[in-house]
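Protein chains in written order, with my numbering: chain A, 1 to 113; chain B, 114 to 254. Ideal Cβ placement from N, Cα and C applies to all residues, glycine included. Written out below as structure tokens is the structure these notes cover.
Right, here's the structure in full:
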């Protein structure tokens with residue numbers, strides 16, 4: 001139902017694309033994939049939620065753990081292609097104080113590279 | 114007086130069943146000509162209300178959801194037969210208190226519901242909880 005559909009490195013940015021409901025399972029999948037790249041030395045992560053139209057606070061809370069982990073290594077987590085309700089939810093929770101949101105993956109990569 | 118049209122759901126406590134509730138809310142929102150933003154806010158609030166009922170009530174029975182349709186607003190009741198809760202003991206979460214601290218990262222549900230809906234009310238005791246939330250048709254969300 002929900003999964004990480006693609007992971008790639010573009011200009012030293014780890015781009016993780018998802019599909020479906022951003023719940024606990026998908027949050028943990030993102031976290032586990034990110035951990036492997038952190039262990040290999042990556043510190044900038046872009047999560048593309050273009051194909052995830054709905055979220056719950058448990059999935060979003062797992063992303064808070066990732067923000068915290070990246071702060072420890074002077075890293076950065078950003079998002080792109082957010083559905084309006086996901087962007088609003090992240091804003092209410094305060095995630096957008098710590099993570100920039102870009103309209104598209106191309107715009108995010110262009111600015112971060 | 115005519116009874117307000119009501120859609121009723123009975124959800125078993127099974128993972129991701131909250132998505133059944135959001136599918137229903139989308140149909141109801143469309144029927145009421147609510148905006149896409151309003152529909153998204155209702156879905157998100159409903160997800161959080163269902164998760165609270167599934168997890169925190171510790172009920173082993175079904176959760177009931179009533180969508181009560183009127184000309185000016187949609188009222189949603191999420192009813193569980195769980196252990197109830199004391200709303201006064203729930204802290205308002207702030208991300209600054211959760212990052213780089215030992216505070217648990219979760220606990221956002223009630224705050225999100227309040228922010229996304231126009232009004233939220235609870236009746237809760239040891240026999241269960243009824244959460245009532247309202248989205249007004251003309252709300253400028």
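Answer with buried or exposed for residue 6 of chain A, where buried requires no fewer than 16 other C-beta atoms within 10 angstroms of its C-beta.
Under this definition residue 6 of chain A is an exposed residue.
Can you tell me which residues form a DSSP beta bridge with residue 80 of chain A?
DSSP, once it has assigned bridges, lists A:48 and A:102 as partnering residue 80 of chain A.
Examine chain A for any beta-carbon lying closer than 8 Å to the beta-carbon of residue 222 of chain B, and answer yes or no.
Output row for residue 222 of chain B: interface = yes.
Does the stretch 65 to 83 of chain A come close enough to the stretch 230 to 240 of chain B that 3 or more CB-CB pairs lie under 8 Å?
No: the two stretches stay apart, fewer than three of their Cβ pairs being nearer than 8 Å.
Spell out the partners DSSP gives residue 257 of chain B in its beta bridges.
The question about residue 257 of chain B has no answer, for chain B in this structure spans 114 to 254.
When you compare the CB of residue 103 of chain A with every CB in chain B, is at least one pair closer than 8 Å?
By this cut-off, residue 103 of chain A is not an interface position.
According to the Cβ coordinates, are residue 241 of chain B and residue 194 of chain B closer than 8 Å?
The answer is yes: Cβ separation under 8 Å.
I need the DSSP call for residue 17 of chain A, collapsed to helix, strand or coil.
If DSSP states are grouped into helix, strand and coil, residue 17 of chain A belongs with the strands.
Under the assumption that residue 56 of chain A contacts residue 81 of chain A (Cβ atoms under 8 Å), give the Cβ distance between them as a whole number of angstroms.
Not quite, the Cβ-Cβ distance comes to about 19 Å (not below 8 Å), so this is no contact.
Where does residue 148 of chain B fall in DSSP's three states?
In this structure, residue 148 of chain B counts as coil in the three-state DSSP scheme.
Nearest to residue 158 of chain B by CA position, among B:252, B:251 and B:246, is which residue?
Checked all of B:252, B:251 and B:246; the closest Cα to residue 158 of chain B is B:246.
For residue 54 of chain A, which three-state DSSP category applies?
DSSP places residue 54 of chain A in coil when its eight states are reduced to three.
On the three-state DSSP scale, how would you describe residue 240 of chain B?
Residue 240 of chain B falls in the coil class under three-state DSSP.
I need the straight-line Cα distance from residue 130 of chain B to residue 213 of chain B, nearest angstrom please.
Going by the C-alpha atoms only, they are around 33 Å apart.
What span of residues does the beta strand (DSSP E) with residue 127 of chain A cover, start to end?
Past the boundaries of the shown model lies residue 127 of chain A; chain A is included only from 1 to 113, so the question cannot be answered.
In the structure shown, what three-state DSSP assignment does residue 232 of chain B receive?
Strand at residue 232 of chain B.
Can you name the start and end residues of the alpha helix (DSSP H) that residue 122 of chain A belongs to?
The structure shown has nothing for residue 122 of chain A, since chain A only spans 1 to 113.
Could you give the DSSP three-state label for residue 196 of chain B: helix, strand or coil?
Correct three-state label for residue 196 of chain B: coil.
For the putative contact between residue 20 of chain A and residue 52 of chain A, defined by C-beta atoms under 8 Å, what is the C-beta separation to the nearest angstrom?
Contact holds; Cβ gap of about 6 Å.
Would you mind telling me which residues of chain B sit closer than 9 Å to residue 54 of chain A, beta carbon to beta carbon, in chain order?
Neighbours of residue 54 of chain A on chain B, chain order: 132, 135, 153, 156, 157 and 160.
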